[in-house]
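Residue numbers for the sequence shown, in this note's numbering: 145 to 752. Positions of the beta carbon are idealized from the N, C-alpha and C atoms, including for glycine.
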Amino acid sequence: MCGICGIVGHQPASPIAFEALRRLEYRGYDSAGIATLTAAGNIERRRAAGKLDNLEYVLKEHPLPGTTGIGHTRWATHGAPTENNAHPHEAGRVAIVHNGIIENFATLKKELEAKGRVFVTETDSETVAHLVDEYLGQGLAPREAAFAAIKRLEGAYAIAMIFKDHEGLLIGARHGAPLAVGYGNGEMFLGSDSIALAPMARKMTYLEDGDWCELTPGHVTIFDMTGAEVSRPVQDLTFMAGQVGKDGYRHYMEKELHEHPVAIGQTLKRITDPASKRIALPEMPFDPAQVPRITITACGSAYYAGMVGRYWLESLARIPVEIDVASEMRYREPPQPDKGVALLISQSGETADTLGVLRSLKKAGQSIVSVLNVEHSTMGRESDLVLGMDAGPEISVASTKAFTAQLSVLAALAIDFARARGTMDQAREERLTASLLDLPSRAAEVFTRTKDIQAMAAVVAQARDVLYLGRGICTPIAFEGALKLKEISYIHAEAYAAGELKHGPISLIDQTVPVVAIAPSTILFDKTLSNLQEAKARGGRILAFTDAEGAKRLEGVAEQVVIMPDVDAFVAPILYAIPVQMLAYEVALLKGTDVDQPRNLAKSVTVE
Ligand code: F6R
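In structure tokens form, the structure reads like this:
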């Protein structure tokens with residue numbers, strides 16, 4: 145949700161900022177801009193509405209000089225995605241870039257306007273530039289002026305600022321939105337995440353909430369919200385520069401879909417004992433046998449992973465589970481049990497809604513366990529225990545491999561809890577673990593079904609509305625399929641538990657509404673089959689993901705089937721998520737949409 149970067153050093157700042165923005169573009173692509181300091185100490189800006197390519201064109205025509213600079217790629221919150229609203233925002237002696245929302249901007253703006261300041265954009269962010277400049281005008285030095293301004297901001301922000309006549313000075317601040325400092329050779333950088341910093345820095349420091357910092361070439365001083373100097377750990381950058389290319393694939397999403405087997409395999413490797421082939425999670429900061437309830441919270445695809453996790457935890461470990469999307473959970477104030485565990489699921493570890501729940505459940509005395517891909521994220525740092533996935537960087541806005549990696553961790557967690565709570569005998573544990581460890585190979589097999597998925601996509605791409613149906617543990621996979629289709633192909637899709645069809649949505653069905661069924665031939669298959677027959681009887685065109693046995697039984701009912709490898713019902717939701725996502729991808733290709741950067745979206749949603 146907006147990406148920001150900053151550079152102080154000895155090389156031209158603009159190309160470095162541009163490269164960082166390329167790597168941050170997944171966070172928003174409504175507009176982009178860069179500002180640098182000229183040799184004469186003046187601030188110069190280049191901005192463009194739309195994607196980074198537009199800014200690249202502007203920069204080619206009008207390059208920016210200077211070795212101190214800031215950059216921004218925007219996901220619009222306040223104000224239309226125009227060039228005028230694009231960051232960096234400049235006011236007098238300062239230029240700033242901002243990710244987040246300044247909640248008290250209206251009050252600050254009124255106060256600044258009363259002092260004669262003229263605002264030229266519709267953004268909340270411009271207030272920050274005026275506020276800093278106001279303090280500079282009162283005679284404060286840049287560092288003091290920045291601190292005075294930061295103290296007055298409410299809401300969520302990561303900010304970078306440069307100052308007229310102060311070459312080699314960059315100030316950053318974070319509260320509620322991520323910001324990292326990168327260490328180069330006689331150069332320093334700021335970036336919204338490690339991916340941005342990877343090509344230019346080998347070491348980095350994540351700022352903590354309330355931290356702000358002053359960067360000069362080769363040096364950083366970090367302060368906390370009281371203004372006291374603090375030291376924060378310096379880490380090696382885990383994502384190397386080369387890891388985020390497309391490797392010959394047409395889109396990041398295509399590449400990341402093909403990385404499912406590796407993401408699952410790498411994730412399981414971390415949580416399995418190679419000798420015994422048993423699940424070996426890190427030690428819990430509580431006794432799983434004594435946990436009265438788990439509260440699962442997440443957003444979007446991560447929430448659907450949580451829904452599958454609930455099935456596993458309830459059925460295998462016999463533990464009550466409460467689950468909701470983070471934006472609802474945060475304001476529901478459900479009573480929390482003594483010794484309860486909060487389980488947060490997030491690819492980025494920065495999603496504002498999920499982070500908000502983490503903090504409120506921590507306050508409510510729950511032990512915080514998070515399932516994260518970016519382990520050093522804010523959620524990671526604020527959790528009692530991080531169960532890391534190892535999916536690698538996920539750049540495409542639509543989540544793919546992180547979803548199956550999340551499911552792999554949740555499946556392992558359910559086995560671990562079941563063992564600790566004595567609800568599963570060893571034979572069953574071994575069978576389920578073996579099916580999990582076999583998944584990377586089965587996942588790789590799914591790509592041999594691409595032609596069948598493309599045939600199905602040809603039908604779906606013609607539709608205006610699509611219904612996705614699942615039952616039991618595969619219902620969340622229907623939700624995942626519908627979300628992915630909406631997200632990247634802009635086709636309206638709804639997902640239902642198949643049994644709910646007759647309670648309302650069946651009235652939607654006619655020949656123009658394909659019904660996509662997630663139907664492995666497991667225990668609920670007969671019931672799903674009846675539901676699909678009901679849909680077919682109303683003219684519905686049935687398209688099914690099933691296995692060889694299911695395909696036989698769907699003859700005469702389904703118009704098309706994708707026959708999946710046979711797997712244990714336990715891991716079916718993980719495997720079936722892959723073709724469901726592939727279907728959305730193939731439909732998006734047919735529709736010619738912008739697969740990696742679908743309209744109106746951004747990855748890592750760091751505003752509420
Ligand atoms: C869907 C998608 C989103 C994310 C959601 C949570 O394809 O990408 O729904 O799953 O925004 O993001 P994280 O997992 O980063 O908290």
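Name the DSSP bridge partner or partners of ASP417? The partner list for ASP417 (beta bridge, DSSP) reads ARG422.
Determine the DSSP secondary structure at TYR393, reduced to helix, strand or coil. coil
What number of angstroms, rounded off, separates the C-alpha of ALA385 from the C-alpha of ALA607? Here the model assigns ALA385 a pLDDT of 49, short of 50, so the residue's position is not dependable, and the following value carries that caveat. Their backbone Cα atoms lie some 40 Å apart in a straight line.
Straight-line Cα distance separating GLY210 from HIS231: 18 Å
Which same chain residues end up closer than 8 Å to ILE635 when comparing Cβ atoms and leaving out the 5 residues on each side of it in sequence? Excluding sequence neighbours, ILE635 sits near VAL604, ALA605, ALA607, ARG608, ASP609, VAL610, LEU629, VAL731 and LYS735.
Roughly how many whole angstroms lie between the Cα atoms of PRO343 and ASN517? 20 Å
Which of the three DSSP states, helix, strand or coil, is assigned to TYR560? For the sequence presented, residue 560 should be read as Asp rather than Tyr. Here ASP560 sits in helix by DSSP.
My guess is that ASP277 and GLY236 are in contact by the Cβ rule of under 8 Å, so how many angstroms apart are they, rounded? 4 Å
Buried or exposed: where does GLY153 fall if 16 or more other Cβ atoms within 10 Å of its Cβ makes it buried? buried
Flag this pair as touching only if the segment 450 to 461 and the segment 494 to 502 have three or more C-beta atom pairs under 8 Å; answer yes or no. no
Sequence-distant residues of its chain with Cβ nearer than 8 Å to ALA433 (five each side left out): Cβ within range, chain order: ALA564, ARG565 and GLY566.
What are the boundary residues of the alpha helix (DSSP H) that VAL731 is part of? 716 to 735
Which first and last residues belong to the alpha helix (DSSP H) in which PRO286 is found? 286 to 294
By Cβ distance below 6 Å, which residues in the same chain neighbour LEU297 in space, the five residues on each side in sequence not counted? Closer than 6 Å at the Cβ level, and outside the excluded window around LEU297, lie ILE246.
In the structure shown, what three-state DSSP assignment does PHE249 receive? helix
Is any heavy atom of ligand 1 found at a distance shorter than 8 Å from the C-beta of LYS259? no
Limits of the unbroken beta strand (DSSP E) element including GLU472: No beta strand (DSSP E) holds GLU472; the alpha helix (DSSP H) holding it covers 470 to 476.
In angstroms, rounded to a whole number, what distance separates the CA positions of GLU205 and SER540? Within the model, the alpha-carbon separation for GLU205 versus SER540 is close to 29 Å.
Could you tell me the alpha carbon to alpha carbon distance between GLY509 and ASP482, rounded to whole angstroms? 7 Å
Beta strand (DSSP E) runs contained entirely in the segment 292 to 322, provided each spans 3 or more residues: 299 to 307 and 314 to 319
State yes or no: is the C-beta of GLU730 nearer than 8 Å to some heavy atom of ligand 1? no
Since PHE367 and CYS149 are thought to touch, with beta carbons under 8 Å apart, how far apart are those beta carbons, to the nearest angstrom? That pair is no contact at about 20 Å.
Unbroken beta strand (DSSP E) run spanning VAL364, endpoints: Following the DSSP letters along the chain, one finds VAL364 inside the beta strand (DSSP E) bounded by residues 363 to 367.
Which residues share a DSSP beta bridge with THR217? GLY147 and ALA176
Who pairs with ARG565 in a beta bridge, going by DSSP? None; ARG565 has no bridge partner.
For the 8 Å Cβ check, are there 3 or more pairs between the segment 311 to 321 and the segment 288 to 303? yes
Assuming HIS402 contacts PHE689 (C-beta within less than 8 Å), just tell me the rounded distance between them. So it is not a contact: roughly 18 Å between Cβ atoms.
Alpha-carbon to alpha-carbon, ILE440 and GLU234: 43 Å
With LEU323 and ALA302 assumed to form a contact (beta carbons below 8 Å), what rounded beta-carbon distance in angstroms separates them? 4 Å
For GLU466, tell me which candidate among GLY493, GLY444, ARG437 and VAL452 has the shortest Cα-Cα distance. ARG437
Would you say the beta carbon of LYS747 comes nearer than 8 Å to a heavy atom of ligand 1? For ligand 1, at least one heavy atom lies less than 8 Å from the Cβ of LYS747.
Host beta strand (DSSP E) of LEU529 (start-end): 529 to 532
GLU188 lies in the beta strand (DSSP E); which residues open and close that run? 187 to 193
Report the residue from PRO620, LEU727 and ASP197 whose alpha carbon sits nearest the alpha carbon of LYS595. Here the closest residue by C-alpha is LEU727.
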